[in-house]
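Q: Numbering (the numbering used here), first residue to last: 33 to 474.
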Amino acid sequence: MEPSLLLLKAVTNMVVSAHETKWTKQHEYVEKLNMQAVLHASANEDEYIKELLIQHEKIPVLISDLICSEIWQQKVFSIIKRMDFEPHTTIPLYISLYHEATLVNLLETILYHKEPCEAAADCILDMIDYCYRKITYLIARQESGEEEEEATPTKTSSIEEERGMEELKKQDRKLQFDISIKAVSILRYITDHIAELSLSVTSRILNTNDFPCLLVQLIENPPWTKYRNGVLKKFIDGKWHTVPSKERMRLTKIEGQVWIALFNLLLGPTCQEKYEFNSHNKAQILKLRAHLSEVILDQIPSLCDLQRYLSHLSMMDPPSSKTGLVLEQVPEVWEGILRANEGKWAAIAKHQVKTVFNPSAAAIREQARRFAETYSLDVLENLITEPPKCAVCGEPATKRCSRCQNEWYCRRECQVQHWSKHKQACQLITASHTIKTNDKTS
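1. To the nearest angstrom, how far is the alpha carbon of residue 107 from that of residue 377?
2. Please state the DSSP three-state secondary structure of residue 267.
3. Here's a check: name, in chain order, each residue in its chain whose Cβ is nearer than 6 Å to the Cβ of residue 389, leaving out the five neighbours to either side.
4. Taking only runs that begin and end inside the region 226-262, name each unbroken alpha helix (DSSP H) of 4 or more residues, in chain order.
5. Restricting to Cα atoms, I'd like to know which of 76, 75, 394, 362 is closest to residue 230.
6. Can you give me the C-alpha to C-alpha distance between residue 458 and residue 326, rounded to a whole angstrom?
7. In its own chain, which residues sit with a C-beta less than 8 Å from the C-beta of residue 379, not counting the 5 before and 5 after it?
8. In terms of residue numbering, what span does the alpha helix (DSSP H) encompassing residue 210 cover?
9. Does DSSP put residue 457 in a helix, in a strand, or in coil?
10. Who are residue 475's beta bridge partners in DSSP?
11. State buried or exposed for residue 193, treating a residue as buried only when at least 16 other CB atoms are found within 10 Å of its CB.
12. What ranges does the alpha helix (DSSP H) occupy inside the region 106-140, keeping only unbroken runs of at least 4 residues that lie completely in it?
13. So, at 7 Å on beta carbons, what are the nonlocal neighbours of residue 289 in its own chain, with the 5 sequence-adjacent residues on each side left out?
14. Are the CB atoms of residue 239 and residue 308 within a distance shorter than 8 Å?
15. Per DSSP, which residues does residue 432 bridge with? Please list them.
16. Assign residue 376 to one of three DSSP states: helix, strand, or coil.
17. Using the three-state DSSP reduction, which class does residue 417 fall into: helix, strand or coil?
18. Please report the Cβ distance between residue 381 and residue 171, rounded to the nearest whole angstrom; I am assuming they are in contact, meaning their Cβ atoms lie under 8 Å.
19. Mind checking which residues open and close the alpha helix (DSSP H) that includes residue 327?
20. Could you compute how far the alpha carbon of residue 450 sits from the alpha carbon of residue 429?
21. If the criterion is Cβ atoms closer than 8 Å, does the pair residue 214 and residue 263 meet it?
22. Considering only their Cβ atoms, is the gap separating residue 211 from residue 152 smaller than 8 Å?
23. How would you write the range of the alpha helix (DSSP H) that residue 283 sits in, first residue to last?
24. With DSSP run on the structure shown, which of helix, strand or coil describes residue 348?
25. How far does the alpha helix (DSSP H) with residue 175 in it extend, from its first residue to its last?
26. Would a C-beta distance cut-off of 8 Å place residue 122 and residue 196 closer than the cut-off?
27. Leaving out five residues on either side along the sequence, give the residues of the same chain with a beta carbon under 8 Å from the beta carbon of residue 336.
28. Identify, in the order they occur along the chain, each residue of the same chain with its Cβ nearer than 6 Å to the Cβ of residue 204, setting aside the five sequence neighbours on each side.
29. In the structure shown, what three-state DSSP assignment does residue 85 receive?
30. Contact check, residue 324 vs residue 339 under 8 Å by CB: the rounded distance?
31. Taking the alpha carbon of residue 68 as the point to measure from, which residue in 317, 265, 142 has its own alpha carbon closest?
32. Just how far apart, CA to CA, sit residue 385 and residue 438?
33. Taking the straight line between their C-alpha atoms, what separation do you get for residue 202 and residue 209?
34. Any idea if residue 387 is buried or exposed, counting beta-carbon neighbours within 10 angstroms, 16 or more meaning buried?
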């Protein structure tokens, strides 16, 4: 693992080199680091990956790579989606989109600790702004009434009619929702350690981005909750779950993250001194009182202090902030990439659809081989903490795809229905296994 980590480099030109050799190797390294970090965290083992990333100063590299992936999705992929482009395989495009999810998952795992937050150095400001953009995305999505799509059984004919790029757009929306949920957790972890970080971090969180008001909007109109036909569903551990009536007031992990972040930002001594109150944000924050029920307080008792604070705030003008003279740092990665590629986005998209996203048969076979090495089934199965479920209906599954051994089904009808969607990935994985077998026998 350590040699792979040492090869991680700041690929700030990812927007122009997506899926060229250097970037592809970078994705493989990050994916392996992510899987290993998740395994260690789930087993409560020593955070070996975290220590290595700090020792070799790779956390700023990961954050820079994350910002590159975000910009590529916003500036380049948005153009590709509007093109009349239907590639032979959408897997290279999907991996480019999934790279952002891999990075944010790895950063969520390691930024739980104080030392990686400190080791991020100036890049922590870019991480904070990244969280701001993702949370505002969640809020805008909720206000527009757009709902996260759930996997539901579909008629085979309609699946066959669906084009690869249309399916990719759906996957992109789902990935962006999942990524944005994780950004909320990352923000909470940063607020846990805000007292140990620079004044620029505090100022950017509280005053530049005004996260307290932003988090109030998540409490008021949570994007991870929806009602449909009188049934309450919540987004828990990456999936939508129906919530029984008796558990409707039980806080989910993400709901707890928002409340803890608010507690840190409103009651932390450093934050109370620096937060610049005005009539607008005072009114917004006081809206929290309506949501601090006894049931919530029983689950997070420390919120009783927040309740008392809000009562005092409602009866008095908040004290002036003690900001003093602060030479505030600004995020450099985001602005640097935008400046370097200004006016080039359409040309980059046009180049990529002709080259890296329209690979030859030989390139697809090579990609299949590397894909199988990165996503080893033995490693992936160690990450699964629950019994397998059917890829179509979600019921407990006992049958696997006989060809790739990678997808689960509860019955043959579901497997037949899912084949048109699964076919491409199945062929890719099967081809990769064949290549590996041939390599061993040659």
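All C-beta atoms, glycine included, are put in the ideal place defined by N, C-alpha and C. Note that the structure is a prediction, hence the values are computed from the model and not measured.
A: So, from the listed chains and residues:
1. Rounded to whole angstroms, the separation of the alpha carbons of residue 377 and residue 107 is 6 Å.
2. strand
3. Taken in chain order, the residues that qualify are 119, 124, 125.
4. The region 226-262 contains these whole alpha helix (DSSP H) runs: 231-235, 243-252.
5. 362
6. 51 Å
7. Within the same chain, no Cβ atom closer than 8 Å to the Cβ of residue 379 is found once the five residues on either side in sequence are excluded.
8. 196-224
9. helix
10. Outside the shown range of the chain, which is 33 to 474, sits residue 475, and nothing can be said about it.
11. The predicted model places residue 193 with a pLDDT of 36, which falls under 50 and marks its position as unreliable; any figure quoted below should be read in that light. Exposed.
12. 110-114
13. Around residue 289: 216, 217, 220.
14. yes
15. DSSP output for residue 432 lists 440 as bridge partner(s).
16. coil
17. Only weak support exists for where residue 417 lies, its pLDDT of 47 falling under 50; the coordinates are left without a value.
18. Not a contact, Cβ separation roughly 28 Å.
19. 326-331
20. Residue 450 and residue 429: Cα-Cα distance of roughly 14 Å.
21. no
22. Not in contact: residue 152 and residue 211 (Cβ atoms no closer than 8 Å).
23. Counting along the chain, residue 283 falls outside any alpha helix (DSSP H), and DSSP gives it neither H nor E.
24. coil
25. 155-175
26. Yes, these two residues count as a Cβ contact at 8 Å.
27. By the criterion of a C-beta distance shorter than 8 Å, residue 336 is surrounded in its chain by 329, once the five residues flanking it on both sides are discounted.
28. 129
29. helix
30. 5 Å
31. With distances taken between CA atoms, residue 68 lies nearest to 142 out of 317, 265, 142.
32. 29 Å
33. Here the alpha carbons of residue 209 and residue 202 stand approximately 11 Å from one another.
34. With fewer than 16 other CB atoms across the displayed protein chains lying within 10 angstroms of its CB, residue 387 is exposed.
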